[in-house]
Amino acid sequence: MTSIIGHLSFAAVVGSVLAIVSLRFFLSCVLNDRKLRHFQGPTLARFSRVWMLWQSLHARVNRAEFDAISKHGMTCRIGPDILVTGDPDVVRHMNAPTSKWRRSPWYHAMRLDPRLDTVFSTRDEKVHSDLKAKEAGGYSGRDIDSLEPAVDSRIGDLLELLRRQYNGSSVDISSIMRYFTLDVLSTVAFGRPFGFLAANKDLWEYNKLSTDFLQVLELRLNHPFFRWLFSLSFVQTILAPKESDETGMGPMVKFAREAVAERFGVHAHVEKDMLGHFVAKGLSQMQCEAEASLQILAGSDSTTTVLRSILFHLGASPGAYAKLRIEIEDATATHMPTGVIAYAKAQKLPYLSACIWEGLRMYPPLFGLKSKIAPLGGDTIKGVYYPEGVEVAICDDAICRNKTLFGHDANIFRPERWLEADAPTYRSYYQTVDTVFGSGRYLCLGKHIAMMEIYKTIFELVRHFDWMIVDPMKGIDKYGRAHGVHIQSGMNMVATVRT
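For our numbering, count along the sequence shown from 1 and bump the result up by 1105.
Below you can see the structure in the form of structure tokens.
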């Protein structure tokens, strides 16, 4: 009898707990639904993040957000307590220096080094401002003299590899561009390249394994349960990359720590480069490791996507390609040295600029939620009230393909739109697409490096090679699939040396 009573008591306790949890969930859903009832969205999203989870599992969060905005309005609902906006004015308002909006837990989930936060992952505004102030001079090149020469060296390696191994034959630019950006950023961050271009292969299977990791990372970023799960110390111990690993991110961690260690201690190596700048500004050895690694992980995927997309679109747009070729030939004939073009000169070429900004518009490179949280008391933007504590994510696709601004052909790669626009329209184009780099106090530190790479690299690739798509009927493998960045492969083009 006692045993039966015990079983009944246990069952009663479990039942009570489940009832309380269910009631709490129900009340939370009701309160959130009432609080955000003036925002439309997918029905399931009103009550659960299962809608977002489903999109993650199908590698289409960015497309699902775009579709939701197209159907339900420029700011709509994608979860019980989360909205997504395609309005650049809302983004600029949230990011403004005087704004009271704050970073959401999404950012903290980007703490990839379990030991400490970086300038990107911290939610402490004071820490963020302090780190950004210390690092800005390095990222902008203002306080270092090796930034542009580092980019030039790796462009030289890329051109040499294409001449030596791919002249007149097929090259998968999805791979070769990844090798290039990884070598550029490692040179900028650590003073020497990883060696992807020299080896012309996926060292440590980094590209393959990091692509596989993107889905896991997206789950961690977008869903509170996975954030909690991956924050557990024993889970981090198991999953965190280790210096002893032979594949994946582990060898990069080892590379980074060895390079940083050379800058500290009795026999510290002093250089006026990015890492030297961090050391000079007082960043600790551990902070230098974390910040430099962040630069590699975040910068390589984003710049790679833009380079791939611009070159592939040019290959599919003979008219645009011909116009860019003429502009580059004219620039080379009149005032061009034999080396890699200077960034300052490349920026002055109008059609090259149009191609680059159109490429950014067509494929914004990083499109995680990047959500912010409404301040105490809520906030009103453009006449719309955002309740206190609501999370607002950003959909770069919806911002950059807005037909009201960019016209009925917003889904088409057409660089001419940037040259045809009058001054106010051009300014609107630029300010809108520029939000892919953030804005205000959350402006991306790496923007200068990324744009320098893109301008100089596209110029030199078109200057030295003729490009065409191998099979226009085939397109890109895994087109449309994404986990925070575009998953692209099989972007096969023929590169023929110009004579």
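The C-beta atom is built at its ideal place from N, Cα and C for all residues, glycine as well.
Check whether the stretch 1371-1383 and the stretch 1235-1255 are in contact - that is, three or more C-beta pairs closer than 8 Å. Yes, they touch.
Beta-carbon proximity of Gly1146 to Asn1507, cut-off 9 Å: In this structure, Asn1507 does not lie closer than 9 Å to Gly1146 by Cβ.
Proximity of Gly1353 and Glu1323 at Cβ, strictly below 9 Å: Remark: C-beta atoms of Gly1353 and Glu1323 do not approach each other more closely than 9 Å.
Exposed or buried, what is Met1578 when buried is set at 16 or more other beta-carbons lying within 10 Å of its beta-carbon? By the neighbour-count criterion, in which 16 or more other beta carbons inside 10 Å mark a residue as buried, Met1578 falls on the exposed side.
Taking the alpha-carbon positions, what's the Lys1477 to Ile1183 distance? Cα-Cα distance, rounded: 14 Å.
With distances taken Cα to Cα, identify the nearest neighbour of Ile1563 among Lys1386, Ile1260 and Val1497. For Ile1563, the closest alpha carbon among the candidates Lys1386, Ile1260 and Val1497 is that of Ile1260.
Tell me, to the nearest whole angstrom, how far the beta carbon of Asp1186 is from that of Val1489; I am working on the premise that it is less than 8 Å. In fact, because the Cβ distance is near 16 Å, the residues do not count as touching under 8 Å.
Decide if the stretch 1313-1328 is in contact with the stretch 1420-1435; the criterion is three or more beta carbon pairs, one per stretch, under 8 Å apart. Segments in contact, no.
CB-CB under 6 Å to Phe1335, same chain, minus the five flanking residues each way: which ones, in chain order? Counting only Cβ-Cβ distances below 6 Å, and skipping sequence neighbours, we find Arg1325.
Let's see if you can read the secondary structure: which residues bound the beta strand (DSSP E) around Ile1499? Taken as a continuous stretch (DSSP letters only), the beta strand (DSSP E) holding Ile1499 covers Glu1496 to Ile1499.
For Ala1467, count neighbouring Cβ atoms within 10 angstroms of its own Cβ and tell me buried if that reaches 16, exposed if not. Sequence inspection shows Met at residue 1467; the Ala mentioned does not correspond to that position. Residue burial is scored here from C-beta neighbours: Met1467 has at least 16 other C-beta atoms within 10 angstroms and is therefore classed as buried.
Can you tell me whether Val1126 is buried or exposed? The criterion is at least 16 other CB atoms within 10 Å of its CB, across all chains shown. Because Val1126 carries a pLDDT of 46, less than 50, the predicted location of this residue cannot be relied on, and no value is offered for it.
Arg1519 versus Tyr1535 - alpha carbon distance: One Cα belongs to Arg1519, the other to Tyr1535, and the distance between them is close to 15 Å.
Kindly confirm or deny that the stretch 1277-1287 and the stretch 1589-1597 touch, where touching means at least three C-beta pairs closer than 8 Å. Yes: at least three Cβ pairs fall under 8 Å.
Could you check the C-alpha separation between Gly1464 and Cys1181 for me, to the nearest Å? The alpha-carbon atoms of Gly1464 and Cys1181 are separated by roughly 26 Å.
Reference Glu1367; option with closest CA among Met1357, Ser1226 and Glu1394: Cα-wise, what sits closest to Glu1367 is Glu1394.
Using a threshold of 9 Å, state whether the C-beta atoms of Gly1585 and Arg1168 are closer than that. A Cβ-Cβ contact shorter than 9 Å links Gly1585 with Arg1168.
Gly1070, buried or exposed, once every other Cβ within 10 Å from all chains shown has been counted against 16: In the structure as shown, the chain begins at 1106 and stops at 1604. Residue 1070 is therefore absent and cannot be evaluated.
Given that a residue counts as buried once 16 or more other Cβ atoms are within 10 Å of its Cβ, and exposed if not, what is Phe1131? Per-residue confidence for Phe1131 stands at a pLDDT of 49, beneath the threshold of 50, marking its modelled position as unreliable; no derived number is given.
At the level of alpha carbons, what is the spacing between Ala1600 and Ser1422? Their Cα atoms are separated by approximately 16 Å.
Just the C-alpha distance for Pro1193 and Ser1349, rounded to the nearest angstrom, thanks. The straight-line gap from Cα to Cα measures roughly 44 Å.
Using a threshold of 9 Å, state whether the C-beta atoms of Leu1308 and Pro1346 are closer than that. Cβ distance not < 9 Å, so Leu1308 and Pro1346 don't count as in contact.
Would you mind stating whether Lys1487 and Gly1543 have Cβ atoms separated by less than 9 Å? No, Cβ-Cβ distance for Lys1487 and Gly1543 is not below 9 Å.
Here's a check: name, in chain order, each residue in its chain whose Cβ is nearer than 6 Å to the Cβ of Asp1218, leaving out the five neighbours to either side. Excluding sequence neighbours, Asp1218 sits near Ala1395.
Can you tell me which of the three DSSP states Tyr1491 falls into? The answer is strand: DSSP assigns Tyr1491 an E or B state.
So, helix, strand or coil for His1591, using DSSP? Reduced to three states, the DSSP call for His1591 is strand.
Taking the C-alpha atoms as reference points, what is the distance between Val1224 and Gly1551? The straight-line gap from Cα to Cα measures roughly 12 Å.
Hey, out of Leu1548, Arg1532 and Thr1604, whose CA is closest to Asn1200's CA? Closest option to Asn1200, Cα to Cα, is Leu1548.
Is DSSP giving Thr1485 helix, strand or coil here? Looking at Thr1485 - three-state DSSP - the assignment turns out to be strand.
In the DSSP assignment, what residue or residues form a beta bridge with Asn1605? This structure cannot speak to residue 1605, because the chain is shown only from 1106 to 1604.
Spatial neighbours of Ala1459 within its chain, please: C-beta separation below 6 Å, excluding the five flanking residues on both sides. Pro1520, Trp1523 and Leu1524, listed in sequence order.
Are Leu1236 and Gln1392 closer than 9 Å when you measure CB to CB? Yes; because the gap between Cβ atoms is below 9 Å, this pair is in contact.
Alpha carbon to alpha carbon, how far is Phe1417 from Ile1574? Rounded to whole angstroms, the gap between the alpha carbons of Phe1417 and Ile1574 is 7 Å.
Member of Asp1571, Ala1526, Trp1159 and Tyr1491 whose CA lies at the smallest distance from the CA of His1143: When only C-alpha atoms are compared, the closest one is Tyr1491.
Using a threshold of 9 Å, state whether the C-beta atoms of Thr1203 and Ser1258 are closer than that. The answer is no: Cβ separation not under 9 Å.
Cα separation between Ile1499 and Gly1473? Going by the C-alpha atoms only, they are around 8 Å apart.
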